[in-house]
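In my numbering, the protein residues as written are 2 to 287.
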């Protein structure tokens, strides 16, 4: 059902293997809804997608909000398809309770993830140790990574549902910390489109993502095979819990409250010296 543009034979769209992303983009990649050009899926982990965005590799990509702030000169966020909400934050876990992470080595799912930015805001002197998100829990369980000791870890995605199975305890829910600090929902990830694409293509993709979410909500069983094919956690209950948590009204449209939350995260990142200020628009206009 694509509506191809003569100048756009296809569009590559990068997103993660996680159930919320595969749920959101199932209809889009399966051709169930109208798009400005055929969509070609490119699946990878969040840190790889962040790194690719820094090089402008993909015209459309999922990315953490922290990484987005560093590529705003090249990309703009869609109002739809992102991960933002309450009770959705990364967790800090360890083998035993710890009161303070300043000066301690903490496993991180990536330098440009929102999770690591929150760690920096909450514990400025913590020492992040970057690795793939699915390596974090095993490394914390072992207490070491690359031959060096490890005190705690930041877990994201479906790991928040399975960390007790690794004998780990929760030190802090960073979403709860953010909400207590700001009163706002936590921005985690956004769908970006390159700013050099025509505005009508940007807006058409924004609508296509909204339509893809609506299709998934209306046909929840149809996407299950696609979601299960890519999920690291194969348990159906875990996959559904992940979708229910991360796909919400903010996924359909970030809304005024979501915009305020993104602006506040950007302001705090600038204040912490993590990135320079920017006056560029944050989102594709409606």
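No residue lacks a Cβ here, since even glycine has one placed at the ideal position from N, Cα and C.
Only a predicted model underlies this, so the values are computations on that prediction, with no experimental measurement involved.
Whose C-beta lies closer than 6 Å to the C-beta of residue i among residues of the same chain, with five residues either side of it excluded?
{"i": "residue 48", "result": "111"}
{"i": "residue 148", "result": "none"}
Could you name the residues that DSSP lists as bridge partners for residue i?
{"i": "residue 129", "result": "107"}
{"i": "residue 150", "result": "145"}
{"i": "residue 41", "result": "13"}
{"i": "residue 224", "result": "BP columns for residue 224 are empty, so no partner."}
Excluding the 5 residues preceding and the 5 following residue i in the sequence, name in chain order all residues of the same chain whose CB lies nearer than 7 Å to its CB.
{"i": "residue 63", "result": "15, 16, 17, 22, 50, 190 and 192"}
{"i": "residue 269", "result": "122"}
{"i": "residue 1", "result": "Look at the range of the chain in this structure, 2 to 287, and you will see that residue 1 is not part of it."}
{"i": "residue 208", "result": "none"}
{"i": "residue 140", "result": "108, 132, 146, 151 and 154"}
Hey, residue i and residue j are a contact pair by Cβ (cut 8 Å); roughly how many whole angstroms apart?
{"i": "residue 76", "j": "residue 194", "result": "7 Å"}
{"i": "residue 43", "j": "residue 98", "result": "The Cβ separation is near 40 Å, so there is no contact."}
{"i": "residue 206", "j": "residue 37", "result": "6 Å"}
{"i": "residue 25", "j": "residue 242", "result": "Not really, about 16 Å apart at Cβ, beyond 8 Å."}
{"i": "residue 163", "j": "residue 239", "result": "7 Å"}
{"i": "residue 70", "j": "residue 267", "result": "6 Å"}
{"i": "residue 214", "j": "residue 248", "result": "7 Å"}
Locate the beta strand (DSSP E) running through residue i, then write down its first and last residues.
{"i": "residue 254", "result": "Unbroken run through residue 254: none, as it is neither H nor E."}
{"i": "residue 188", "result": "187-195"}
{"i": "residue 62", "result": "61-65"}
{"i": "residue 170", "result": "170-174"}
{"i": "residue 156", "result": "153-156"}
{"i": "residue 94", "result": "92-95"}
{"i": "residue 78", "result": "76-78"}
Identify, in the order they occur along the chain, each residue of the same chain with its Cβ nearer than 8 Å to the Cβ of residue i, setting aside the five sequence neighbours on each side.
{"i": "residue 333", "result": "A question about residue 333 goes unanswered here, because the residues of the chain that appear run from 2 up to 287."}
{"i": "residue 264", "result": "283"}
Can you tell me which of the three DSSP states residue i falls into?
{"i": "residue 36", "result": "coil"}
{"i": "residue 162", "result": "helix"}
{"i": "residue 285", "result": "coil"}
{"i": "residue 31", "result": "coil"}
{"i": "residue 262", "result": "helix"}
{"i": "residue 100", "result": "coil"}
{"i": "residue 138", "result": "helix"}
{"i": "residue 20", "result": "helix"}
What span of residues does the alpha helix (DSSP H) with residue i cover, start to end?
{"i": "residue 245", "result": "237-247"}
{"i": "residue 202", "result": "200-219"}
{"i": "residue 86", "result": "Per DSSP, residue 86 belongs to no alpha helix (DSSP H); it is in the beta strand (DSSP E), 84-86."}
Is residue i close to the ligand SAH? I mean its beta-carbon at under 6 Å from any heavy atom of the ligand.
{"i": "residue 132", "result": "Of the ligands one can find in the structure shown there are none, so the ligand SAH has no counterpart to examine."}
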